[in-house]
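Under our numbering, residues 1069 to 1288 are what the sequence shown spells out, in order. Virtual Cβ for every residue (Gly too), placed ideally from N, Cα, C.
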Amino acid sequence: MTEEVCPGDGGCSQGFQGGTLTGRAATGVTVSYYQPGEYQRVINKRNPLSPIDYMPSDTVNVAGHPLRYQAALAFWRFVDAAAASGVATTVVSGFRSYASQASLFQNYVAIYGQEQADTISARPGYSEHQSGLAVDIGNPSAVCGLQECFASTAAGQFAAAHAHEFGFVIRYPAGMSYWTGYAYEPWHLRYVGRDVAMDMRNRGVSTLEQYYGYPPAPTY
Ligand SMILES: [Zn+2]
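What follows is the structure, given as structure tokens:
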């Protein structure tokens, strides 16, 4: 149903009616069947990945960072549109495994302590990055990288104005940490598909928790 992509990570992926076929020299062909609602799953401090060490099987490399195939296709369109508007973007982070999230979180705990670490990083099994559907973007100059002021940069402004057109939401909006459990992250884009992202924008609903009727998830 969608084009075959071979992004230089030793394999190729292509969408069919039922999901995604991913072929790699090392592992052969993996069939990842589409599960209704899987791209819209709410992942937060009250709703971990299931299983807790979930690992997507249909990731492809986007500028060296894995994303699930459908999210990657959408992200490439977003990047192309930004470039056509004169806005260059970079990828700072994509899929992170349970193990890599565990070490990232432990680093934050060592620096800031557990309480502060919980406000800026997810515990392993609770990160959207582990779903393969979240991507952190940046500017080529790295100005305001992973900082709130990213919102006022060219890439940040383009994302705020257009991410929904490509199926992404800014998952942790300003002033919504009571719902999402996280401070404002204007660089963190979550793929939910174009229908949902557009509908959320049209209805003025900014969090997945509110859109799907989940209770707030300020803490674990
Ligand atoms: Zn992120």
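In DSSP terms, what residue i is bridged to
| i | result |
| --- | --- |
| Ala1202 | Arg1258 |
| Val1097 | Gly1091 |
| Pro1134 | Asn1129 |
| Cys1080 | Gly1091 |
| Asn1175 | DSSP, once it has assigned bridges, lists no residue as partnering Asn1175. |
| Thr1158 | Gly1206 |
For residue j and residue i, believed in contact at Cβ under 8 Å, the rounded distance
| i | j | result |
| --- | --- | --- |
| Tyr1107 | Gln1138 | 7 Å |
| Ser1161 | Asp1126 | About 18 Å; that fails the 8 Å criterion. |
| Gly1079 | Gly1087 | Not really, about 16 Å apart at Cβ, beyond 8 Å. |
| Phe1163 | His1133 | 7 Å |
| Ala1285 | Thr1248 | 7 Å |
| Val1130 | Val1159 | 6 Å |
| Leu1257 | Ala1231 | 6 Å |
| Ala1170 | Pro1192 | 4 Å |
| Pro1119 | Arg1136 | Not really, about 17 Å apart at Cβ, beyond 8 Å. |
Cut-off 6 Å between Cβ atoms - residues of its own chain near residue i, not counting five sequence neighbours on either side
| i | result |
| --- | --- |
| Gly1083 | Met1069 and Thr1070 |
Proximal residues to residue i (C-beta, below 7 Å), its chain only, five neighbours per side dropped
| i | result |
| --- | --- |
| Val1264 | Gln1108 |
Item to check | Cβ contact check for the stretch 1136-1147 and the stretch 1237-1244: 3 or more pairs under 8 Å | outcome: no
Next on the checklist: I want to know whether the stretch 1269-1277 touches the stretch 1106-1113 - three or more CB-CB distances under 8 Å.
Outcome noted: yes
Checklist entry - Got a list of residues with beta-carbon closer than 5 Å to any non-hydrogen atom of ligand 1, in chain order? => result Asp1204 and His1256
Checklist entry - Should the stretch 1206-1216 be regarded as contacting the stretch 1173-1187, the criterion being three or more beta carbon pairs within less than 8 Å? => result no
Checklist entry - Per the contact definition of three or more C-beta pairs closer than 8 Å, is the stretch 1188-1196 in contact with the stretch 1218-1228? => result no
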